[in-house]
Amino acid sequence: MGRTLQNTMINLGLQNACDEAVYQLGLDMEELEEIEEDAGLGNGGLGRLAACFLDSMATLGLAAYGYGIRYEYGIFNQKIRDGWQVEEADDWLRHGNPWEKARPEYMLPVHFYGRVEHSASGAKWIDTQVVLALPYDTPVPGYMNNTVNTMRLWSARAPNDFNLRDFNVGDYIQAVLDRNLAENISRVLYPNDNFFEGKELRLKQEYFVVAATLQDIIRRFKASKFGSTDTVRTVFDSFPDQVAIQLNDTHPAMAIPELMRIFVDIEKLPWDKAWDITRRTFAYTNHTVLPEALERWPVDLVEKLLPRHLQIIYEINQRHLDNIASLFPDDVDRLRRMSLIEEGDTKRINMAHLCIVGSHAVNGVAKIHSEIVKTQVFEDFAALEPEKFQNKTNGITPRRWLLLCNPGLAELIAEKIGEDYVRDLSQLTKLHEFVDDDLFIREVAKVKQENKVKFALYLEKEYKVKINPSSMFDVHVKRIHEYKRQLMNCLHIITMYNRIRRDPSKLFVPRTVIIGGKAAPGYHMAKMIIKLINAVAQVVNNDPMVGSKLKVIFLENYRVSLAEKVIPATDLSEQISTAGTEASGTGNMKFMLNGALTIGTMDGANVEMAEEAGEENLFIFGMRVEDVTELDKKGYNAQLYYERLPELKQAVDQIKSGFFSPKEPNLFSDVVNMLFHHDRFKVFADYEAYVKCQEKVSELYLNSKAWTKMVIRNIAAAGKFSSDRTIKEYARDIWHVEPSDLKIPPPNEPRDAGQDKTPNGTAA
38 MGRTLQNTMI NLGLQNACDE AVYQLGLDME ELEEIEEDAG LGNGGLGRLA
88 ACFLDSMATL GLAAYGYGIR YEYGIFNQKI RDGWQVEEAD DWLRHGNPWE
138 KARPEYMLPV HFYGRVEHSA SGAKWIDTQV VLALPYDTPV PGYMNNTVNT
188 MRLWSARAPN DFNLRDFNVG DYIQAVLDRN LAENISRVLY PNDNFFEGKE
238 LRLKQEYFVV AATLQDIIRR FKASKFGSTD TVRTVFDSFP DQVAIQLNDT
288 HPAMAIPELM RIFVDIEKLP WDKAWDITRR TFAYTNHTVL PEALERWPVD
338 LVEKLLPRHL QIIYEINQRH LDNIASLFPD DVDRLRRMSL IEEGDTKRIN
388 MAHLCIVGSH AVNGVAKIHS EIVKTQVFED FAALEPEKFQ NKTNGITPRR
438 WLLLCNPGLA ELIAEKIGED YVRDLSQLTK LHEFVDDDLF IREVAKVKQE
488 NKVKFALYLE KEYKVKINPS SMFDVHVKRI HEYKRQLMNC LHIITMYNRI
538 RRDPSKLFVP RTVIIGGKAA PGYHMAKMII KLINAVAQVV NNDPMVGSKL
588 KVIFLENYRV SLAEKVIPAT DLSEQISTAG TEASGTGNMK FMLNGALTIG
638 TMDGANVEMA EEAGEENLFI FGMRVEDVTE LDKKGYNAQL YYERLPELKQ
688 AVDQIKSGFF SPKEPNLFSD VVNMLFHHDR FKVFADYEAY VKCQEKVSEL
738 YLNSKAWTKM VIRNIAAAGK FSSDRTIKEY ARDIWHVEPS DLKIPPPNEP
788 RDAGQDKTPN GTAA
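Residue numbers (this note's numbering): 38 to 801.
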């Protein structure tokens, strides 16, 4: 979520008033804002997307809740020591959190372990361990519409009789100390991005958030006029018409068997009825196609922790496979491919398959990604129910990612086209009229230059390096991962360095290359990549032959509040994943909206950015998905590129020989060995096209006016990438609710009794 103060002032229309009031108290608002800790309760794009979605849902007047876990420790703080990443705990609640309100009156029990007893009256899950879920509510204000939604985060608490009720051996002290075991559930965020780690505590977290949330939703449904109770039991027929639940990847997939458990075991609905309601309630968003990221939980772990849920999953699978067998008799391989249970050395539950079978809609997050989902990853399921599969291209909130972080540009745009674009970003197309307006061109360039000077001062303060603010700011910020190919950027840096040294008098367009991002603590290769970048920076930044022509900075502890500083100052945005691996990306959109040009592959949302702006207004290079597939068929041989391209050979040899690590010549042998022998993401195959494309970038940068005109064309084409547009599509195609642009009267004015926020009362 990042910081809340400035975002709240902007959405409430109070920023100027607060700035002035604080100034009159002799304080500086910006200094105050810098004191607030980021709420870093997610890893990367997936968590930030949810935050943008909450902002858009409130702005569109949808009655929506965001549910998650109130981690005591969020994503780790990254320190760089001697070029290596070191992790520190993110104690973000140390000084308290003024934005949250504990709601103990809504505390709910969550059960684990135990066993299942079957009787004539149905299944009973008994002898369980209970953990309490305590909700904390954070307000989510819409933009200037007096709507405030809720983000509800659950914290784990041990019940007061924890470990004391079981005829205890009298070790009262130990029993109280053991309360920590229960409360560890919400202690810390798992720091993996695009990687599945099948740990028991992680599964506990996933079930914890799901079980608490579903009880909360059902409580609210029963209390509403829709959950009509005929003295004995609630009628759930209208449930899917009143409730929509969107699964953000497979992490909350246990919601599907949990809702079935509630309906069948507790509410005593017949299976078929319960299943119909469940499927119509859930929809699933897929966020990655990397096989190592797909959740596959061992059956024996689920059996121990959630025995009843395993039985329900088996029943769901049995009925699912019976259906397939009836449609495709004798096709046993299809049954194996489509089963929720994977056989093998350890039996596992494929959570994506569970989500597809248990949902009425499945979507990818960019056109190209949704195609890959349909035709490759889940092709058997798409063949069965093609109408279930959709695309919903991601977006970003223009409130945080333009108004808040780039007020200079936001104001300049408002002067030209008015202020309405903040709620309807498609209006940015009106900027096309000004692409040849010399004054506007100069003003856009001036805002960028001011942002660069400000960020250069920040870098000099934090990193003690002298930055040339007129150099091209070439920025690559995102989680460190092999598929995102920070290594390819690193090879380009080395290539530029070698070119400067080979011919110091030759014209060179000065660059400040900024790379930032966190590596998962257990991801060895990602940590080696950080060390390599820092080792290269050490050499480049201290070579007198290079001077101010080339500087390399590794940006420490990349997070939302730092993104808000670096993105408005960026000239060139690096979006260089291997085609077919980045589901969408959202950083790409933030840079586009803030006046950077993109160098990128035809991957994720880059494809649609090129479609909107015109391919000639992005620097597109490298293999397309078809080329990657072709190369896989043929067999990727890294050695061939190494031998054919002298500059690549020189760069790789320098890494290999210890040119960048003279004290430890073999330091990067793992990296080099990977590049030659098991590089799944084919860095060498795109190197030549990348370097040539970078030459075109430098050439254009020399012509400031032509560069800025291209920038304006990009900003004018960025309207599609508002999360408001994304959420309108979810609302229309999946949740079946109507957004409302009604501005609710402020609390100090009487409300119209007849005014209803959402004509159709579904809550998402």
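Ideal Cβ positions, reconstructed from N, Cα and C, are used throughout, including at glycine.
Nothing here was measured: the structure is a model prediction, and the numbers come from that model.
In the structure shown, the three-state DSSP call for Y595 is coil. Under the three-state reduction of DSSP, S760 is assigned to helix.
N785 sits exposed, since fewer than 16 C-beta atoms from the chains shown fall within 10 Å of its C-beta. The three-state reading of DSSP puts R374 in helix, counting H, G and I together. Listed as beta-bridge partners of G637 by DSSP are Q612 and I657. For T763 and D457, the gap between their C-alpha atoms comes out near 18 Å. Put simply, the stretch 489-502 does not touch the stretch 527-537. Fewer than three CB pairs are less than 8 Å apart.
L201 and G617 have their C-alpha atoms spaced approximately 54 Å apart. Distance from the CA of A58 to the CA of M562, rounded to the nearest whole angstrom, comes to 50 Å. Taking T45 as the centre and dropping the five residues before and after it, the same chain places the C-beta of P178 closer than 7 Å to its C-beta, in chain order.
Within the stretch 145-197, the complete beta strand (DSSP E) runs of at least 3 residues fall at 145-149, 152-156, 159-163, 166-178 and 185-194. Within its own chain, the residues whose Cβ lies closer than 7 Å to the Cβ of N182, once the five positions on either side in sequence are excluded, are T96, G98, K780 and I781, listed in chain order. Per DSSP, K555 lies in no alpha helix (DSSP H) segment and is marked neither H nor E. The beta carbons of Q676 and G637 sit no closer together than 7 Å.
Non-local C-beta neighbours of G553 in its own chain, meaning closer than 6 Å and more than five positions away in sequence, comprise V514, L592 and Y595, ordered along the chain. Here R224 is not near A195, since their CB atoms are 7 Å or more apart. DSSP places N114 within a strand segment (E or B) once states are collapsed to three. With at least 16 other beta carbons inside 10 angstroms of its own, E137 counts as buried. Around A754, the same chain offers E649 and A650 as residues with beta carbons nearer than 6 Å, after the five sequence neighbours per side are excluded. Annotation: the continuous alpha helix (DSSP H) that includes V247 extends over E237 to A260. Per DSSP, I106 is one residue of the beta strand (DSSP E) stretching across Y102 to I106. Rounded to whole angstroms, the gap between the alpha carbons of L685 and Y679 is 6 Å.
Uninterrupted alpha helix (DSSP H) stretches at least 4 residues long and entirely within the stretch 304-359 occur at 308-318 and 336-342, given in chain order. Of V472, F510 and F276, the smallest CA-CA separation from L634 is found for F510.
DSSP assignment within the stretch 527-593 yields the following whole beta strand (DSSP E) runs of 3 residues or more, N-terminal first: 548-553 and 587-592.
In the DSSP assignment, M626 falls within the unbroken alpha helix (DSSP H) covering G624 to L630.
A direct Cα-Cα distance of roughly 33 Å separates K241 from S614. Taking C-beta atoms under 8 Å as the contact rule, K588 and N579 fail to qualify, at a distance of about 11 Å. Judged by pairs of C-beta atoms under 8 Å, the stretch 422-440 does not touch the stretch 692-705, as fewer than three such pairs exist. The Cβ atoms of L462 and S759 sit closer than 7 Å to each other. In the DSSP assignment, M94 falls within the unbroken alpha helix (DSSP H) covering G82 to T96.
Taking C-beta separations shorter than 6 Å and ignoring five residues to either side along the sequence, the partners of Y104 in its chain run R189 and T250, following chain order. Only residues of its own chain outside the window of five on either side were considered, and among them L634, N654 and L737 have a CB closer than 8 Å to the CB of M747, listed in chain order.
Setting aside the 5 residues that flank it on each side, L712 is surrounded in the same chain by L524, A675, V689, V720 and F721, each with a C-beta closer than 8 Å to its C-beta; the list follows chain order. DSSP lists no beta-bridge partner residue for V459. DSSP places G79 outside both helix and strand once states are collapsed to three, so it counts as coil.
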